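At the far end of the sequence shown sits residue 754, using my numbering, and the numbering has no gaps. Note that CB positions come from ideal geometry on N, CA and C, so glycine has one too. Please read these numbers as outputs of a predicted model, since none were measured by experiment.
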Amino acid sequence: MKLSGSLSAGSVILVLGLLLSGCSSTENPTTTPAATPDEGETAMAALDTCQKVAAGYIVQMPDGEFDVCPMESQYVASQGTLSGIPSATAEFGLSGFGPDFTDSAVSLNHPASGASDGTSLAIADRFNNRVLVFSSLPTGPTEPDVVIGQPDFQDITPGTGLADLNWPGAVEVTPEGTLLIADTENGRILVYKSIPQSNGQPADFALDLAALTGNTDAWPWGIWSDGTSLVVTDTRKGYVLVWDTFPTDENSAPTSSSDPEGVGTPRNITSDGSNFLIGDENGSQQECWGEPPGNRNRQSHIWVNRLPIGAPDGCIWDWYQGDVSQRGVIALAAGGQDAHFWPSFPVDDATALQRQTTGSQNTPMGPPDGEQPGDPGEQPPSPGEPPMPGDPPTPGTQPAPGEPQAHRSESTIRTVSNMPQAPAHSYLGGDGGDVVITDTAIYFVEYNGNRVTGWNQFPSTLEGKAPDFSVFDADSDVSTLLRDGYLQNPVLANADGALVASSDYDRRMYVWNQAPGENGARADYVYLTGFPAWDNTYAQGTLIIAGRDSLAIWREFSPGNLPDEVIQGQLGTLALSDLKGVAYDGTYLAVSEPQSDTVAVFDGIPQLGEEPIRSYSVRGPGRLDMKDGLLAIAPKEGASVLLVDVTTSDEPRELPVQVNLPNQAKFLPFGFAIADTSFHRVQIWNSVDDALNGAEPARIIGGELGDRPQTRADRFYFPASLEVVAGHLYVAEFKFSNRILAFSE
């Protein structure tokens with residue numbers, strides 16, 4: 010086990026991805042020459058591990074190994090001690106630039122879709138609540154000319170007016186130049202009769218799906234139009250909406266609204282005008298065309314030579330979104346790191362098997378599928394989004410479509426040096442990957458890569474094809490999400506005044522020497538963790554992070570030191586495969602294993618073969634917290650928060666609270682709190698007894714019950730973890746937002 014020392018080039022994974030520039034916007038758009046692929050590889054090779062981390066490259070450690078990088082960071086520290094319930098409006102924000110603003114026109118946060126009329130290019134900048142428009146097609150680093158949904162390039166506040174957006178999921182441009190935006194969290198489609206030429210221009214009208222369909226929880230994700238017909242996916246409801254004539258005003262209702270058999274949560278739409286492909290994360294068709302992936306729920310449903318009305322004619326394995334030209338279909342998948350190409354639209358097994366890729370499918374790079382935000386059962390769906398039916402299958406067996414996937418206990422980490430046919434570039438599509446084909450260039454909207462990369466022309470050879478340019482940064486392989494200090498899925502801990510944030514998705518742990526007290530403060534240390542840590546705990550000098558089959562333990566933690574021990578596969582007598590919770594109060598250690606529906610409690614950190622002193626049967630347990638032997642158990646999925654005194658023989662009791670998929674229950678210095686994740690709020694009681702006795706919360710931070718999420722200073726999108734350090738309560742968001750908000754008295 011390697012815990013210290015410098016790393017050789019063969020001991021890390023460099024997953025090429027993600028971008029976001031920290032440059033300030035100017036009135037005149039500028040274009041910067043892009044680095045060629047060879048220049049980028051040479052520049053990256055000249056850096057050591059910590060220089061790569063500082064530059065924003067994705068660097069991953071082999072299974073079980075750790076490294077730590079000191080970072081140059083200066084910030085004002087949080088002052089005083091938070092001794093009571095804080096205000097309901099955040100004072101500042103970490104993980105990014107601030108609660109409701111960004112740095113510039115080229116500071117992306119999860120681009121989700123692209124569209125072009127052949128002259129201009131529109132990009133949905135999802136987490137920033139805006140659409141960026143380039144008046145001419147970029148072929149290198151270029152600043153956008155116009156922003157839609159915001160008054161300027163710094164504001165990212167969501168809103169509900171015709172000039173506002175809230176988490177836009179898709180854009181489309183018709184041949185006539187009409188721009189359509191799937192304004193997902195507002196439940197509507199915005200229609201611009203022409204592409205806006207000035208910032209903050211309001212839409213001509215909106216199609217309010219709730220008013221037009223009766224679905225009050227409408228959640229449009231995908232959109233397609235040829236100017237004659239319009240197709241929209243209502244993902245949470247599972248419906249495909251079709252207008253067989255193009256809508257002319259806000260009263261234009263869809264002519265068809267269907268819930269197709271075998272379709273679960275329909276997402277992106279790809280079409281050549283005759284055939285339709287709709288990606289789906291929770292598909293349940295028993296068989297699809299082509300070669301099945303590890304996750305059989307990811308399917309793309311096909312309608313052949315007809316609009317997508319009624320049951321599909323078939324499906325291909327995996328969830329794709331792309332574009333179509335005379336050369337064929339180019340698409341990105343929700344998982345993996347390849348661009349995909351079919352010479353003709355896949356309409357049967359033979360055409361599906363003609364798929365070509367840019368890399369080796371046997372090369373697992375980037376965040377493993379099991380840890381991708383959006384994997385069925387991994388994330389809390391919003392209220393109304395259907396959970397996956399049934400129990401997790403036995404590890405090692407192949408689940409049928411429609412069943413949740415078992416997490417793999419073996420490592421998917423490999424080093425670049427021992428990986429044959431490693432791809433020259435990782436095309437990280439994720440939940441919002443897209444492709445836009447124009448006569449000038451082919452654009453790849455890399456949602457998980459947080460960048461828009463491009464080819465100048467269709468390549469003569471697809472295998473090993475790297476981008477010719479990147480639109481928002483000169484280096485197509487730099488993750489400017491990482492470079493600019495964004496954290497994905499942070500889980501927080503107070504380590505005697507230091508703020509710790511572990512991230513399963515980043516496979517990193519971030520440590521601030523002191524609790525930060527200002528916007529955008531960067532961590533003092535970045536740890537590269539050899540496994541994706543889902544939970545963490547700290548007590549009396551001991552820090553523990555846990556995830557999958559592993560725990561890393563610092564017995565005398567101080568910022569910058571490496572773990573003393575990494576336990577893999579077994580803790581005492583408990584077999585480990587999918588750890589989702591860990592809690593240590595200085596006396597007792599508790600862990601949760603949802604694969605076996607077990608919460609086990611040990612007297613201290615056990616030796617191999619040592620039995621737990623308590624073992625509770627809990628369906629799907631998640632994150633844990635413990636104080637003086639009182640253990641709080643949040644669900645991995647579900648709505649039951651449990652409490653048990655591990656010093657007694659009592660069984661866990663359910664708290665009488667109204668919550669929806671709460672990711673964490675936490676003991677605070679002044680009370681008790683629950684991160685009520687899918688109700689987008691934090692509930693705080695003056696004491697745990699108040700919560701146990703059914704008292705109303707002393708304060709709720711966030712919106713009212715039933716409100717849609719908003720990324721404002723007083724609102725949340727999937728709050729999942731919280732911690733008090735010094736003078737602030739820090740609340741970290743999950744999956745569909747990546748802020749850490751700080752609240753004070």
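In angstroms with no decimal places, state the Cα-to-Cα distance between residue i and residue j.
| i | j | result |
| --- | --- | --- |
| Ala124 | Arg632 | 40 Å |
| Gly438 | Pro352 | 20 Å |
| Arg557 | Leu588 | 5 Å |
| Asp258 | Asp243 | 20 Å |
| Pro603 | Arg628 | 7 Å |
| Gly383 | Arg315 | With a pLDDT of 38 at Gly383, under the threshold of 50, the modelled position of that residue is not reliable, and the figure given next carries that caveat. The straight-line gap from Cα to Cα measures roughly 30 Å. |
| Cys297 | Ala700 | 48 Å |
| His310 | Pro355 | 10 Å |
| Val666 | Pro108 | 28 Å |
| His349 | Ser488 | 22 Å |
| Pro757 | Gly149 | No information on residue 757 is available, as it lies outside the stretch 10 to 754 that the chain covers here. |
| Leu199 | Thr447 | 24 Å |
| Thr41 | Ala433 | Low confidence applies here, because Thr41 scores a pLDDT of 45, under 50, leaving its location unreliable and the question unanswered by this model. |
| Pro71 | Ser207 | 48 Å |
| Ile749 | Leu664 | 27 Å |
| Arg721 | Gly529 | 16 Å |
| Gly613 | Ala99 | 37 Å |
| Leu571 | Gly458 | 29 Å |
| Thr225 | Ala643 | 29 Å |
| Pro147 | Val480 | 7 Å |
| Ile693 | Gly703 | 13 Å |
| Gly473 | Ala55 | 22 Å |
| Asp654 | Gly736 | 29 Å |
| Ser87 | Glu194 | 33 Å |
| Glu565 | Phe676 | 22 Å |
| Asn284 | Ala361 | 14 Å |
| Pro661 | Leu580 | 22 Å |
| Thr166 | Arg135 | 12 Å |
| Gly127 | Gln335 | 15 Å |
| Asp477 | Ala97 | 47 Å |
| Thr90 | Gln163 | 32 Å |
| Ile67 | Tyr536 | 12 Å |
Mind checking whether residue i and residue j have CB atoms under 7 Å apart?
| i | j | result |
| --- | --- | --- |
| Leu188 | Ile204 | yes |
| Ser590 | Ser605 | Checking the sequence shown, residue 590 turns out to be Gly, not Ser. Not in contact: Gly590 and Ser605 (Cβ atoms no closer than 7 Å). |
| Pro301 | Ile287 | no |
| Gly442 | Ala450 | no |
| Pro9 | Gly231 | Residue 9 lies beyond the stretch modelled for the chain, which goes from 10 to 754, so this question has no answer here. |
| Val691 | Pro728 | yes |
| Ala648 | Val668 | yes |
| Leu491 | Ser512 | no |
| Gln330 | Thr367 | no |
| Trp312 | Pro321 | yes |
| Arg516 | Gln159 | no |
| Cys324 | Gln308 | yes |
| Pro211 | Ala172 | yes |
| Ala599 | Ala592 | yes |
Between residue i and the ligand ADP, is the CB less than 6 Å from at least one heavy atom?
| i | result |
| --- | --- |
| Pro718 | What this structure holds is no ligand at all, so the ligand ADP is not there to describe. |
Between the options, which has its C-alpha nearest residue i's C-alpha?
| i | options | result |
| --- | --- | --- |
| Lys636 | Phe681, Phe106, Asn314 and Leu103 | Phe681 |
| Thr582 | Arg492, Gly618 and Trp543 | Gly618 |
| Asp716 | Tyr726, Ala707, Arg708 and Leu362 | Tyr726 |
| Gly299 | Phe136, Thr58 and Gln363 | Gln363 |
| Pro120 | Asp164, Ser334 and Asp440 | Asp440 |
| Gly526 | Tyr84, Gly168, Val445 and Glu732 | Tyr84 |
| Leu670 | Lys645, Ala227, Val655 and Phe676 | Lys645 |
| Glu270 | Pro229, Pro317, Val240 and Asn260 | Pro317 |
| Leu130 | Val142, Cys59, Glu742 and Leu221 | Val142 |
| Val575 | Glu74, Ala361 and Ile67 | Glu74 |
| Thr222 | Lys202, Gln210, Tyr248 and Trp233 | Tyr248 |
Taking residue i and residue j to be in contact with their CB atoms under 8 Å, please state how far apart those CB atoms are, rounded to whole angstroms.
| i | j | result |
| --- | --- | --- |
| Phe688 | Leu714 | 6 Å |
| Ala751 | Gly105 | About 12 Å separates the two Cβ atoms, so there is no contact after all. |
| Ile562 | Thr551 | 7 Å |
| Val77 | Tyr514 | About 19 Å separates the two Cβ atoms, so there is no contact after all. |
For this session: Entirely within the segment 307-357 and at least 3 residues each: give me those beta strand (DSSP E) ranges in chain order.
Result: 308-312, 323-326, 329-334, 337-342 and 348-351
For this session: Identify every run of the alpha helix (DSSP H) within the segment 487-575, keeping only runs that are complete inside it and at least 4 residues long; order them along the chain.
Result: 489-492
Exercise. Counting only runs that start and end within the segment 569-617, where is the beta strand (DSSP E) found for 3 or more residues in a row?
Worked result: Within the segment 569-617, the complete beta strand (DSSP E) runs of at least 3 residues fall at 574-577, 590-593, 597-602 and 607-612.
Exercise. Could you give the uninterrupted runs of the beta strand (DSSP E) lying entirely in the segment 222-306, keeping only those of 3 residues or more?
Worked result: 229-234, 239-243, 248-252, 265-267, 275-280 and 285-289
Problem set entry | Runs of beta strand (DSSP E) wholly within the segment 79-150 (minimum 3 residues, chain order) | Complete beta strand (DSSP E) runs here, min 3: 101-103, 120-125, 130-134 and 139-143.
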